[in-house]
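So the structure is just underneath, and the comments pick up after that.
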Amino acid sequence: MEIASKYDPREVETKWYQYWLDNKLFASKPDGRAPYTVVIPPPNVTGVLHMGHMLNNTIQDILVRRARMEGKNACWVPGTDHASIATEAKVVAKLAEKGVKKTDLSRDEFLKHAWDWTHEHGGIILKQLRRLGASCDWDRTAFTMDDERSESVLKVFCDLYEKGLIYRGVRMVNWDPQAQTALSDEEVVYKEEHSKLFYLKYMVVEEPGKYAVVATTRPETIMGDTAMCINPNDPKNTWLKGKHVIVPLVGREIPVIEDDYVDIEFGTGCLKVTPAHDINDHNLGLKHGLDTIDIFNDNGTLSEAAGLYVGMDRMDVRKQIASDLEAAGLMEKTEDYNNKVGYSERTHVPIEPKLSTQWFLKMQHFGDLALQPVMDDDIAFYPQKYKNTYRHWLENIKDWCISRQLWWGHRIPAYYFTANGKRECVVALNAEEALTKGKAVCGTLTAADLEQDEDCLDTWFSSWLWPISVFNGINQPDNEEINYYYPTSDLVTGPDIIFFWVARMIMAGYEYRGKMPFKNVYFTGIVRDKLGRKMSKSLGNSPDPIELIEQYGADGVRMGMMLSAPAGNDILFDEALCEQGRNFNNKIWNAFRLVKGWEVSDQPQPEASRIACQWFEAKLRQTNEELNDLFSKYRISEALMAVYRLFWDEFSSWYLEMVKPAYGSPIDSHTYKATLRYFETLLNMLHPFMPFITEELWQHIAERKSGESIMCQCLKIDAPTEADNKLNADIEIVKQIVSGVRMVRNQKNIAPKEQLSLQVIGQNHYAQYDEVVTKMANIDKVEVVKEKSADTAQFMVGTDEYAVPIGNLVDIDAEIKKLEAQLAHLEGFLAGIKKKLSNERFVANAPEAVVALERKKQSDSEEKIAALKASIEELKKK
């Protein structure tokens with residue numbers, strides 16, 4: 001095949017990705033090989049590719065492609081997540097554009113719109129992943145709400161209910177007023193805010209004219225107050241014991257209760273108790289038998305129960321009530337105050353604590369299952385620092401609120417009916433089963449009497465089954481695929497979902513398979529811009545990944561991402577890294593064109609080429625061992641750098657120069673064949689990182705059969721020997737000798753074409769490599785001398801001294817010009833120092849050490865100037 005003069009990523013990427021698909025090279029079926037299984041963290045069905053996806057999926061693809069090349073049966077399962085809150089919000093917004101409200105539709109009508117949206121947008125991100133080169137088994141694509149996954153979710157719900165681990169009850173939950181649904185604790189993000197502390201006057205019933213002061217950040221909730229609480233050990237508030245106070249503006253009389261829960265030091269030591277709108281107040285209410293008044297509607301406006309500000313948004317009420325309290329003389333003062341406020345992780349609005357009937361999963365059982373395997377490293381975390389985060393959460397685990405007040409999602413399989421005047425509930429996979437169960441309670445029950453729960457399940461309740469459900473391991477627990485592919489090998493994910501997803505998958509794995517869901521978890525960092533800011537649409541600092549691929553090629557972008565991606569640390573992404581990746585592609589391409597352009601003959605192999613081949617084989621073995629070690633520690637960006645240096649520094653800069661034939665001359669066939677063999681090995685090493693260019697060049701190296709691919713080639717390289725290590729160390733010295741000669745040329749302005757001699761003072765410890773030195777440094781001879789001759793430039797390599805006779809080779813005019821430029825720079829530098837030291841204020845006020853440093857700079861500069869002037873005078877005499 002003819003190779004183009006320039007590398008065109010667009011043409012190459014399209015061609016080879018289609019080739020891989022056509023030949024089913026990503027497909028996997030159980031066989032006799034060791035499996036290597038990865039399940040994709042399913043992106044939201046509404047989503048498009050962003051930089052976090054780019055990083056995560058590049059890492060997964062590197063691991064999967066490397067496993068294939070190790071001879072494993074690699075299976076990378078793709079899929080998407082139905083994302084209840086996000087998708088429902090998108091569908092509601094789209095309907096609103098047409099003037100349709102969700103409340104105008106039946107559940108079935110709304111779900112039709114949601115499925116239409118999903119079918120229209122659901123495949124976008126998976127198609128974009130193909131542009132990146134993701135080698136997923138696309139025939140296995142799963143969706144958390146497809147039939148197989150949905151059946152799995154409902155079966156697990158029913159099973160856990162039967163086990164007594166799922167219950168329904170009235171609890172204080174985190175309420176999202178925008179999405180109008182309950183959230184789990186893990187879906188609440190706490191942010192530091194600059195707030196106000198409002199000091200409100202509560203008039204004391206028993207002592208007219210006197211009042212107690214309550215400090216609160218939420219005056220809009222006073223309509224729900226049903227008590228004031230003081231600490232019984234607080235001497236300043238003893239006078240309030242047994243009294244009653246009046247809620248400001250509201251006029252309701254409430255008791256003063258006592259509880260040591262109250263912080264004596266906060267505010268005035270008086271606490272307003274609003275049992276419906278604060279978890280701690282709710283607990284106080286239960287303990288002291290207080291009334292509960294829920295003053296908020298589901299959308300965050302005030303309800304009829306509030307009595308005041310009905311229909312106003314809670315945030316607007318906060319502003320209005322503060323003004324009204326001030327006008328009524330019931331506000332003592334306000335203060336600036338910093339506090340943490342909980343926000344919905346999905347809609348980014350402040351959450352509202354709310355008493356609500358919800359479904360919960362008891363978590364202590366699962367916490368006990370999931371903690372020890374990670375602590376004992378049966379499941380290994382990379383980096384390990386996340387073990388502490390994981391342990392802290394599991395040791396303080398709370399029950400999981402699994403119901404959501406949404407229509408898009410897995411509808412809770414609970415069915416209600418009335419029997420003998422009592423509301424009954426059965427949990428069943430479907431209405432038919434529910435009817436059978438219900439008839440055991442009420443024999444005359446009919447299907448029409450059943451009413452299914454309106455709520456759906458938290459999206460994560462399907463995601464936690466992902467490594468099992470993608471192989472149908474819930475519905476068919478003993479099928480061939482789940483037994484072969486499970487447990488999976490590596491999970492690549494972000495630390496922000498360690499509780500949402502990672503911990504819960506571990507729980508489900510031990511509950512339903514009796515074993516871990518994966519052996520290793522690689523936590524990526526957060527992708528930030530070069531200023532350290534998290535990438536986001538609102539900041540406008542996140543590039544479009546597809547546009548980056550268009551500009552730099554997929555291999556260039558993959559390399560750019562990985563160059564800055566150490567495990568668990570944030571990635572400071574700079575587009576210049578993608579440019580570096582593109583430049584590396586061009587370097588590989590041009591190196592290949594150079595080698596393929598050589599004329600080949602059957603002449604004897606030169607000594608320099610023999611040494612070069614022997615050395616590069618040793619270098620390959622050494623680097624391969626380093627690669628294996630880095631991959632075993634999941635230091636993937638360092639692994640890429642190791643191959644990058646091997647190709648750019650060792651192969652291109654040194655090896656090819658060692659073996660390159662003289663201009664117009666052929667290369668010997670032995671060296672040429674070895675060079676192509678090394679190039680192929682380098683392509684194999686690079687392939688997981690840069691799949692497209694490596695496939696293209698691998699296909700060019702030799703004639704390949706139809707359907708063959710570099711991705712299926714097993715890379716087998718022996719471990720390095722002691723002789724390899726000795727040879728590698730020797731060649732490092734040889735490089736320093738060559739670099740020393742090149743440095744002399746540069747310093748003395750001697751052209752590279754001018755042939756020099758090299759003197760070794762005393763003894764030549766590396767004489768066996770003289771052929772390499774003479775070729776690489778353009779030396780006519782290497783001679784051992786007892787002492788250097790006149791007119792030489794010297795350099796040291798280790799403890800050995802070398803000299804290069806320069807005689808009349810120096811371009812005196814150029815050398816004088818260079819020295820005079822250095823002299824002018826130093827004289828300007830010295831003038832600045834003298835000016836500073838002549839400033840009496842500086843000398844008097846600056847620290848002694850600073851003045852001393854400036855004086856040293858002056859003396860050093862004067863010495864260098866004197867030496868330069870002497871050198872210039874010496875050259876002028878010549």
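Residues in the sequence shown are numbered consecutively from 1, following UniProt numbering. For each residue, glycine too, the CB sits at the ideal point set by N, CA and C. Treat the numbers as computed from the prediction; the structure is a model and nothing was measured.
Excluding sequence positions up to five before and after R528, its CB lies within less than 6 Å of the CB of K534, D570, L572, all in the same chain and listed in chain order. In the DSSP assignment, Q320 falls within the unbroken alpha helix (DSSP H) covering 314 to 327. Apart from sequence neighbours up to five positions away, the residues of its chain that approach V734 with a beta-carbon distance below 7 Å are Y766, Y769, V772, V773, ordered along the chain. The beta carbon of T46 sits closer than 7 Å to those of A83, A86, T87, K90, H121, all from its chain and outside the five residues before and after it, given in chain order. Within the same chain, I872, L875, K876 come within 8 Å of I816 by CB-CB distance, once the 5 residues on both sides are set aside. Remark: C-beta atoms of C401 and F360 approach each other more closely than 9 Å.
Runs of the beta strand (DSSP E) lying entirely within the stretch 6 to 55 and spanning at least 3 residues, in chain order: 35 to 39. For Q358, no alpha helix (DSSP H) run applies; the uninterrupted beta strand (DSSP E) run containing it begins and ends at 352 to 361, by DSSP. In the DSSP assignment, the residues bridged to G342 are Y190.
Residue state for C401 is assigned as strand, using DSSP reduced to three classes. Distances from the CA of A702 to each of R66, A719, F689, F679 were compared; the closest alpha carbon is that of F679.
The straight-line gap separating the alpha-carbon atoms of T216 and Y644 is approximately 60 Å.
A check of alpha carbon separations from G329 across K201, K272, Q452 identifies K201 as the nearest. Sequence-distant Cβ neighbours of L165 in its own chain, meaning closer than 7 Å and more than five residues away, are L361, K362, H365.
Restricting attention to beta strand (DSSP E) runs no shorter than 3 residues, the stretch 706 to 762 encloses them at 756 to 761, ordered along the chain.
Apart from sequence neighbours up to five positions away, the residues of its chain that approach I468 with a beta-carbon distance below 8 Å are S152, I474, I482, Y486, A508, G509, Y512, R513, P517, ordered along the chain.
With fewer than 16 other CB atoms across the displayed protein chains lying within 10 angstroms of its CB, A821 is exposed. At a Cβ-Cβ threshold of 9 Å, I222 and V204 do not count as neighbours. The beta carbon of C714 is closer than 8 Å to those of M69, E70, G71 in its chain, skipping five residues each way along the sequence.
Looking only at A305, K196, Q405, the smallest Cα-Cα distance to N338 is reached by K196. For A793, the three-state secondary structure derived from DSSP is strand. By DSSP's assignment, V492 forms a beta bridge with Y522. Here L457 is buried, its C-beta having at least 16 other C-beta atoms within 10 Å.
The beta carbon of K210 sits closer than 6 Å to those of V204, all from its chain and outside the five residues before and after it, given in chain order.
Taking A306 as the centre and dropping the five residues before and after it, the same chain places the C-beta of M223, I295 closer than 7 Å to its C-beta, in chain order. Per DSSP, the unbroken beta strand (DSSP E) holding P805 starts and ends at 800 to 805.
Secondary structure at A4: coil, using DSSP grouped into helix, strand and coil. In this structure, the beta-carbon distance from L429 to L450 does not fall below 9 Å. For H119, the uninterrupted alpha helix (DSSP H) run begins and ends at 107 to 121, by DSSP. For T418, there is no enclosing alpha helix (DSSP H); the enclosing beta strand (DSSP E) has its first and last residue at 414 to 419.
Here R504 has W460, W464 as same chain residues with Cβ atoms under 7 Å from its own Cβ, once five neighbours each way along the sequence are excluded.
Sorting Y415, N845, F198 by C-alpha distance to the C-alpha of K319 places F198 at the top. Each of Y522, K340, N472, T274 was checked against the Cα of V189, and the nearest Cα belongs to K340. In the same chain as L154, and ignoring 5 residues on each side of it, the C-beta atoms closer than 7 Å to its own belong to H410, P413, L429, in chain order.
Here the alpha carbon of H670 sits roughly 39 Å from the alpha carbon of S564. In summary, E432 is exposed, with fewer than 16 beta-carbon neighbours lying within 10 Å of its beta-carbon over all protein chains present.
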